[in-house]
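A.B. asks: Residue numbering for the sequence shown follows our numbering, starting at 1454 and increasing by one per position.
Below: one structure in C-alpha cells.
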Amino acid sequence: MSKMELLPQTENIFLVYKEGWHSPETSAQNPSLERMWTKKDAIISFKNPKKDIIVYLEADTNYKAFDQPPVLTIAVGNKAGLVVPIENSEVFLKKVHVKAADLGDQEWVDLRLSMNQSFIPKAKGINPSDDRELGLMRYNLYVGEADKLGAVPSVVEAVPVSLPPLSTASPAPGASPGTKGAPAGKGSPAPKGSPAPKGSPAAKVSAAPAAKPSASPRK
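See below:
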C-alpha cells in the first residue's frame, strides 16, 4: 500500500486546468475521491519556478477499449518529458524529473498529457449513454520543486519529446464535446489515502509503486 505524505501548501505548485479535461467524477467504492478523464490531449499550466521540478502522475485507462496499445506522452513545455507505453488497465505512478532549462523563460509553462489515440464508450459498447472522447483517467497530478521535495524514490529523468500542435490532433470519430458526469467505461478507484487532486498540496510518495485498487467491472 502506498503512503502519501502531504507537504505544506508552500511546497505545492498550483496547477491551472485548461483544455482537454472532462468534469470530475467519483466512484461508488470511494465517493470522496475525485478523478478526471482527459480527452486524447489535455493541458494544465503552472507558474514557472525557474527551478528543477518533479511531475507526479497517478493514472490508468481502459486498455481493452483501444484499437492499438495505448501510449501516453507526458510533455513539459513540449520539450521534455516521458513516453509511457500502457500495457494494461492497472493504475500506474510516474515521477519525472524535469530540469529548469527545459521549462524555458516564460512566466507560465504548459504540461500536456497526450495519448496516441482515444475512444468513445458508446461506440465501443461500454456505456450506451456516454459519447465522450476519452483518453486517460487521472487520479493524482502534482508538480513540485525538486529541491523542496528532496530525495524521491523511483524518479526518472525527462527525455526530449515532441508533440504536434493541438490544432492538428485528431479526436476520436463521433466524439461529443460535452462533459457528462456518468462514469465512463473504465474507472478503477485510486489507492486509499490519496489526497484530492485539484489545488491539493504536492505529495511525497513513500512507497514506490501505487497500490492496485480493486477494478471496476469492465467490458
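Think of the CB as a built atom: it goes at the ideal place given N, C-alpha and C, for glycine as much as any other residue.
Model, not experiment: these values are computed from the prediction.
State the start and end residues of the unbroken beta strand (DSSP E) segment that holds Ala1495.
C.D. replies: Your numbering for residue 1495 matches position 42 in the sequence shown. Per DSSP, Ala1495 belongs to the beta strand (DSSP E) from 1494-1500.
A.B. asks: Within the same chain, show all residues whose beta-carbon is closer than 6 Å to that of Arg1591, passing over the 5 residues directly before and after it, in chain order.
C.D. replies: Indexing the sequence shown from 1 puts residue 1591 at position 138. Taken in chain order, the residues that qualify are Met1489, Ala1512.
A.B. asks: Rounded to the nearest angstrom, what separates Ala1604 and His1550 at their Cα positions?
C.D. replies: What you label residue 1604 is simply residue 151 of the sequence shown in a count that begins at 1. What you label residue 1550 is simply residue 97 of the sequence shown in a count that begins at 1. Cα to Cα, the separation comes out at about 11 Å.
A.B. asks: Excluding the 5 residues preceding and the 5 following Leu1510 in the sequence, name in chain order all residues of the same chain whose CB lies nearer than 6 Å to its CB.
C.D. replies: Taking the sequence shown and counting its residues from 1, one reaches residue 1510 at position 57. Closer than 6 Å at Cβ, skipping near neighbours: Lys1547, Leu1594.
A.B. asks: Based on DSSP bridge pairs, tell me the residues matched to Thr1491.
C.D. replies: Here residue 1491 refers to the residue found at position 38 when the sequence shown is read from its first residue. Bridge partners of Thr1491: Trp1474.
A.B. asks: Grab the span of the alpha helix (DSSP H) containing Asp1600 for me, first residue to last.
C.D. replies: For this step, residue 1600 is matched to residue 147 along the sequence shown. Asp1600 -> alpha helix (DSSP H) spans 1599-1602.
A.B. asks: Taking C-alpha atoms, which residue in Asp1555, Asn1515, Val1544, Pro1538 lies nearest to Val1438?
C.D. replies: The question about residue 1438 has no answer here: the residues shown for the chain are numbered 1454 through 1672.
A.B. asks: Do you know whose CA, among Ser1542, Pro1538, Ala1518, Tyr1516, lies nearest Leu1525's CA?
C.D. replies: For this step, residue 1525 is matched to residue 72 along the sequence shown. The shortest C-alpha separation from Leu1525 is found at Pro1538.
A.B. asks: Looking at the structure shown, is Asp1584 part of a helix, part of a strand, or coil, going by DSSP?
C.D. replies: Stepping through the sequence shown from its first residue, residue 1584 is reached at position 131. Note: Asp1584 maps to coil in three-state DSSP.
A.B. asks: Nearest-angstrom Cα distance between Lys1492 and Gln1570?
C.D. replies: Working through the sequence shown from its first residue, we reach residue 1492 at position 39. Working through the sequence shown from its first residue, we reach residue 1570 at position 117. Straight-line Cα distance between these residues: approximately 9 Å.
A.B. asks: Just grab the DSSP bridge partners of Thr1479 for me.
C.D. replies: Translated into positions along the sequence shown, residue 1479 becomes position 26. DSSP, once it has assigned bridges, lists no residue as partnering Thr1479.
A.B. asks: Tell me, which residues are paired with Val1549 by DSSP?
C.D. replies: What you label residue 1549 is simply residue 96 of the sequence shown in a count that begins at 1. Paired residues: Val1508, Val1609.
A.B. asks: From Ala1495 to Asp1563, what does the alpha carbon distance come to, in whole angstroms?
C.D. replies: Residue 1495 sits at position 42 when you count from the first residue of the sequence shown. Residue 1563 sits at position 110 when you count from the first residue of the sequence shown. If you take the alpha carbons of Ala1495 and Asp1563, they lie about 10 Å apart.
A.B. asks: Can you find the residues in the same chain that come closer than 6 Å, C-beta to C-beta, to Lys1504, ignoring five residues on each side of it along the sequence?
C.D. replies: Here residue 1504 is taken as the residue at index 51 of the sequence shown, counted from 1. So the list reads Ala1553, Glu1598, once near-sequence residues are dropped.
A.B. asks: Name, in chain order, the residues that DSSP records as bridge partners for Gly1534.
C.D. replies: Here the question's residue 1534 lines up with position 81 in the sequence shown. Answer is Ala1528, Val1612.
A.B. asks: What are the boundary residues of the beta strand (DSSP E) that includes Asp1563?
C.D. replies: Start at 1 with the first residue of the sequence shown, and residue 1563 comes out as number 110. Note, Asp1563: beta strand (DSSP E), 1561-1568.
A.B. asks: When DSSP labels each residue in this structure, what does Ala1655 get in the three-state scheme?
C.D. replies: Your numbering for residue 1655 matches position 202 in the sequence shown. For Ala1655, the predicted model reports a pLDDT of 38, less than 50, meaning its position is unreliable; a value from the coordinates is still stated below. In the structure shown, Ala1655 sits in coil (DSSP, three-state: anything other than H, G, I, E or B).
A.B. asks: Pick from Ser1480, Thr1479, Met1568: whose alpha carbon is nearest that of Phe1519?
C.D. replies: Within the sequence shown, the letter at position 66 stands for residue 1519. Among Ser1480, Thr1479, Met1568, the Cα nearest to that of Phe1519 is on Met1568.
A.B. asks: Would you mind sorting Lys1657 into buried or exposed? The rule is 16 or more other CB atoms within 10 Å of its CB.
C.D. replies: As a first step, residue 1657 must be located in the sequence shown, where it is residue number 204. Only weak support is given to the placement of Lys1657: the predicted model assigns it a pLDDT of 36, under 50, and the value that follows is read from those uncertain coordinates. Buried, since its Cβ has 16 or more Cβ neighbours within 10 Å.
A.B. asks: What's the call for Val1612, buried or exposed, on a 16-neighbour Cβ count within 10 Å?
C.D. replies: Taking the first residue of the sequence shown as 1, we reach residue 1612 at position 159. It counts as exposed.
A.B. asks: Report yes if the CB atom of Ser1498 is closer than 8 Å to the CB atom of Lys1532, and no otherwise.
C.D. replies: Taking the sequence shown and counting its residues from 1, one reaches residue 1498 at position 45. Taking the sequence shown and counting its residues from 1, one reaches residue 1532 at position 79. Their beta carbons are not under 8 Å apart, which means Ser1498 does not touch Lys1532 by this criterion.
A.B. asks: So, are the CB atoms of Asp1584 and Ile1573 less than 8 Å apart?
C.D. replies: Your numbering for residue 1584 matches position 131 in the sequence shown. Your numbering for residue 1573 matches position 120 in the sequence shown. For Asp1584 and Ile1573, yes; Cβs fall inside 8 Å.
A.B. asks: Grouping DSSP H, G and I as helix and E and B as strand, with all else coil, what is Asp1429?
C.D. replies: Past the boundaries of the shown model lies residue 1429; the chain is included only from 1454 to 1672, so the question cannot be answered.
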